[in-house]
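K.L.:
Using this note's numbering, read the sequence shown as starting at 335 and increasing by one per residue.
For each residue, glycine too, the CB sits at the ideal point set by N, CA and C.
Computed from a predicted structure; not experimentally measured.
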Amino acid sequence: MHHVQRNLVILMLTSFLVSGELRAQQLPKQAQLYTTHSRNITLPYKASSNGAVSNVTLLVSMNYGGTWKQHQQQSPDQKPFSFKAHRDGEFWFCTRTNLQKHVVPLDLKPEIRIYVDTKKPQISLRAEISAESEVICHSHILDPTITPDAVKAELKVTPESTWQPFPLASAPVFLRPGVLQLNGRWRPNTDTPVVTLRVTAIDGAGNQNVAQTQVFLPPLNLSKAESYSPIRNPYTGPVPHEGAVRWPADRGPDLQTSEDVHSVRAQPADEKQNVSISTLPATPPVNAKIHQTNQSKFNLNYNLESALGNVIEVQLWATENGGQSWVQWGVDTDKQSPLEVEMQRDGVYGFKTVVITSGAGSNTQPLPDSKADIWLQVDTTVPLLTPGTLRHSGVAGIPEILIRWQATDDNFGNRPIRLHYQTTDDTTWHEISRAVPNTGIYRWNLNPNSQMQYKIKIEAVDKAGNLATQFFATE
């Protein structure tokens with residue numbers, strides 16, 4: 335019987351921790367985390383030359399060490415390991431020597447952690463004009479590997495002028511992991527008819543995106559135009575990546591520290607292989623029932639009663655493009671419902687369970703256009719809600735209050751706004767309406783002898799149950 339050797343092989347990525355540009359900040363009791371924009375990863379290794387090693391096995395975990403599986407096994411003198419990530423996310427790797435096929439040791443710890451991020455940061459940029467003719471900038475940057483120092487806001491006063499920094503109220507801050515917020519305001523000191531704002535974001539893997547908008551400065555007695563862009567597709571997961579460094583191959587030429595240590599290189603992938611699934615149109619069947627959740631972690635139930643033969647494992651497959659293509663999302667090795675699922679970004683997903691029994695073929699991937707067992711929209715984004723004004727009016731012949739607001743969300747229903755009021759001598763909220771269309775204005779009819787001072791609570795709720803609340807009062 336072969337004995338497992340734990341210390342006769344090392345992944346050579348650790349050589350980069352001593353180079354000048356890639357000095358890594360070691361996290362206590364945890365393997366270094368790298369980021370890369372490529373899904374094709376090469377992992378060189380160096381095995382002992384004393385003849386005791388018969389094979390080297392690369393093991394991988396796709397769920398933060400919850401389960402491990404053998405990915406590749408080869409002789410000590412073969413080429414580096416190759417790994418192709420089927421999706422973005424964090425992957426853990428470790429090596430063992432002299433392992434038998436399909437044997438997975440217990441209590442494995444990662445030697446290297448790699449976060450694959452192939453997508454550009456998503457930027458929501460909104461600009462408006464204050465009553466004092468100041469240009470106000472609001473922006474959200476959505477990316478799992480973004481850091482505050484990789485975001486900048488700029489302005490251009492005229493088309494011919496150069497870009498200059500936009501004054502921010504403070505450094506960008508995290509609203510929650512993977513979602514940065516920046517705010518600022520700028521007052522023009524010259525007669526400027528139009529100002530261009532630009533926000534640039536570069537994530538930890540080197541993916542860059544730029545959002546740009548123009549603000550027209552009207553005369554002081556002209557009301558400003560209102561234009562708001564919705565926040566789209568935030569990421570979820572254990573981020574931001576403090577202490578993570580760029581994957582060496584993303585930075586340019588390979589680095590070497592000695593003749594015996596090879597650099598880690600990301601293999602160039604052909605264009606067809608590197609097409610992201612999320613760039614394809616997400617089109618579930620027209621009549622499909624799409625369930626909603628505002629949680630990134632959830633359970634999916636399955637039934638094994640109709641399985642024929644001895645069940646070996648239960649695979650979970652997912653599609654992000656309406657069933658045009660499928661990727662294996664995970665494996666339930668204990669074969670006990672439910673499946674624990676964690677999504678790292680919002681979106682509409684189709685899920686399908688594949689039960690592997692003894693004697694089944696090796697190709698278990700669902701065919702294109704296969705029907706999903708369930709469709710689920712993961713939406714963890716709270717609507718963006720801004721209170722407007724409360725104004726008394728008697729134009730209609732009866733007293734009324736005009737309630738104004740702005741609310742945006744990618745997943746609103748037909749009537750996502752709720753309105754409540756509170757009097758000056760009351761602590762109870764009373765319903766005005768719980769199903770208001772998102773038109774931005776509501777006429778609240780009052781009794782002729784009603785009081786004039788009210789506090790208003792406005793709520794915006796999307797289909798997944800994410801709720802935003804704001805309060806404002808009549809003057």
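Opposite A652 in the DSSP bridges: which residues?
P.N.:
V661 and F685
K.L.:
For the structure I just gave you, are there three or more beta carbon pairs, one from the segment 713-721 and one from the segment 743-753, closer than 8 angstroms?
P.N.:
yes
K.L.:
So V528 and F550 are supposed to be a Cβ contact under 8 angstroms. How far apart are they, rounded?
P.N.:
5 angstroms
K.L.:
State yes or no: is the C-beta of V631 within less than 8 angstroms of the C-beta of V648?
P.N.:
What sits at residue 631 in the sequence shown is Lys, not Val. V648 is positioned such that its CB atom lies no closer than 8 angstroms to that of K631.
K.L.:
Just mark I775 as buried or exposed, buried being the case when its beta carbon has 16 or more other beta carbons within 10 Å.
P.N.:
When all chains shown are included, I775 counts as exposed.
K.L.:
How far does the beta strand (DSSP E) with Y636 in it reach, from first residue to last?
P.N.:
Premise fails: Y636 is in no beta strand (DSSP E) and is neither H nor E.
K.L.:
Give a yes or no on whether the C-beta atoms belonging to T757 and Q785 are separated by under 8 angstroms.
P.N.:
yes
K.L.:
Going by other Cβ atoms of all chains shown within 10 Å of its Cβ, with 16 needed for buried, is V675 buried or exposed?
P.N.:
buried
K.L.:
So does the segment 440-451 actually touch the segment 485-504, counting three or more Cβ pairs closer than 8 angstroms?
P.N.:
No, they do not touch.
K.L.:
Below 8 angstroms between beta carbons: does that hold for P414 and V390?
P.N.:
No, the pair does not count as a contact, with Cβ atoms beyond the cut-off.
K.L.:
Tell me, to the nearest whole angstrom, how far the beta carbon of T808 is from that of I735; I am working on the premise that it is less than 8 angstroms.
P.N.:
7 angstroms
K.L.:
Where does T481 land, buried or exposed, given buried means 16+ other C-beta within 10 angstroms?
P.N.:
buried
K.L.:
Are N543 and I457 close, meaning C-beta to C-beta below 8 angstroms?
P.N.:
yes
K.L.:
Measure the alpha-carbon distance for I475 versus L514 and round it to whole angstroms.
P.N.:
5 angstroms
K.L.:
How big is the Cα-Cα spacing for D796 and R777?
P.N.:
One alpha carbon belongs to D796, the other to R777, and they sit about 22 angstroms apart.
K.L.:
For the segment 635-644 and the segment 655-662, state whether three or more C-beta atom pairs, one from each stretch, are separated by less than 8 angstroms.
P.N.:
no
K.L.:
Looking only at C-alpha atoms, which of E424, P782 and A794 sits nearest to R768?
P.N.:
A794
K.L.:
Would W375 pass as a contact of I448 if the rule is Cβ separation under 8 angstroms?
P.N.:
The sequence shown places Ile at residue 375, not Trp. Yes. Within cutoff.
K.L.:
Straight-line CA distance for N800 to P717?
P.N.:
Answer to the nearest angstrom: the Cα atoms are 7 angstroms apart.
K.L.:
Using CA atoms only, rank isn't needed, just tell me which of N628, N637 and F806 is closest to Q678.
P.N.:
N628
K.L.:
Using the DSSP secondary-structure output, state which residues sit across from L780 in a beta bridge.
P.N.:
Per DSSP, none; premise fails for L780.
K.L.:
Quick one: what's got a C-beta closer than 6 angstroms to V533's C-beta in the same chain, skipping five residues either side?
P.N.:
I457, L459, S473, A487 and A545
K.L.:
Looking only at its chain, what residues have a beta carbon closer than 8 angstroms to the beta carbon of S416, apart from the 5 residues adjacent to it on each side?
P.N.:
N374, I375, T376, L377, Q406 and Q601
K.L.:
Evaluate Q498 with the Cβ neighbour count: other Cβ atoms within 10 Å of its Cβ, from every protein chain shown; 16 or more gives buried, anything less gives exposed.
P.N.:
exposed
K.L.:
Can you tell which of L531, L634 and I624 has the C-alpha that lies nearest to the C-alpha of S671?
P.N.:
L634
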